[in-house]
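Peer 1: Structure provided below as structure tokens; questions to follow.
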Amino acid sequence: MRKYSIIKKERDFKKIFQEGKKINNPLFTLIYLKNNDPKNRLAFIVPKRAFKKAHQRNLIRRRFKSIFDQINFQTSGLNLIIIAKISLAEKSFKEIEEIIKKTLEKENLI
27 MRKYSIIKKE
37 RDFKKIFQEG
47 KKINNPLFTL
57 IYLKNNDPKN
67 RLAFIVPKRA
77 FKKAHQRNLI
87 RRRFKSIFDQ
97 INFQTSGLNL
107 IIIAKISLAE
117 KSFKEIEEII
127 KKTLEKENLI
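Quick look at the structure:
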């Protein structure tokens with residue numbers, strides 16, 4: 027069972043985009059907002075404009091899911107949105123994992 031649930035509702039996305047803290051990275055943009063839920067909620071956005079083929083978008087989503095399955099969050103009640111950038115396609119799984127973990131540690135989320 028996953029340690030997080032998926033954000034699906036448009037109003038949740040709007041709230042996170044408007045009120046959340048944004049962290050830009052060469053590989054992805056991370057937007058997070060703390061809430062009172064007992065469980066963390068995540069959404070992975072892989073734009074069709076950057077990744078034309080469906081198998082590329084699915085690969086990146088699977089990598090994100092795998093990385094976040096391994097992460098132990100210190101806090102609960104986080105809403106996270108990760109938006110992939112085109113430069114992500116050139117990186118290996120390990121490189122992506124290290125960069126995501128460093129970014130989350132820098133923000134004291136893990």
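Residue numbers are given in my numbering: position 47 of the sequence shown equals residue 73, and the series is strictly consecutive. Glycine included, every Cβ here is placed at the ideal spot set by N, Cα and C.
Within its chain, find whatever has a CB closer than 8 Å to the CB of P64; leave out the 5 residues flanking it on each side and keep chain order.
Peer 2: Residue mapping note: residue 64 aligns to position 38 of the sequence shown, counting from 1. The residues are S102, G103.
Peer 1: With a cut-off of 8 Å on the beta carbons, I'd call N61 and N105 a contact; round off their distance for me.
Peer 2: Locating residue 61 in the sequence shown gives position 35, where the first residue counts as 1. Locating residue 105 in the sequence shown gives position 79, where the first residue counts as 1. The Cβ separation is near 6 Å, so the contact holds.
Peer 1: For L85, report the span of its alpha helix (DSSP H) as first-last.
Peer 2: Within the sequence shown, numbered from 1, the residue matching residue 85 stands at position 59. 80–96 is the extent of the alpha helix (DSSP H) around L85.
Peer 1: For F43, count neighbouring Cβ atoms within 10 angstroms of its own Cβ and tell me buried if that reaches 16, exposed if not.
Peer 2: Position 17 of the sequence shown, counted from the first residue, corresponds to residue 43. When all chains shown are included, F43 counts as exposed.
Peer 1: Roughly how many whole angstroms lie between the Cα atoms of K40 and Y58?
Peer 2: Here the question's residue 40 lines up with position 14 in the sequence shown. Here the question's residue 58 lines up with position 32 in the sequence shown. Straight-line Cα distance between these residues: approximately 12 Å.
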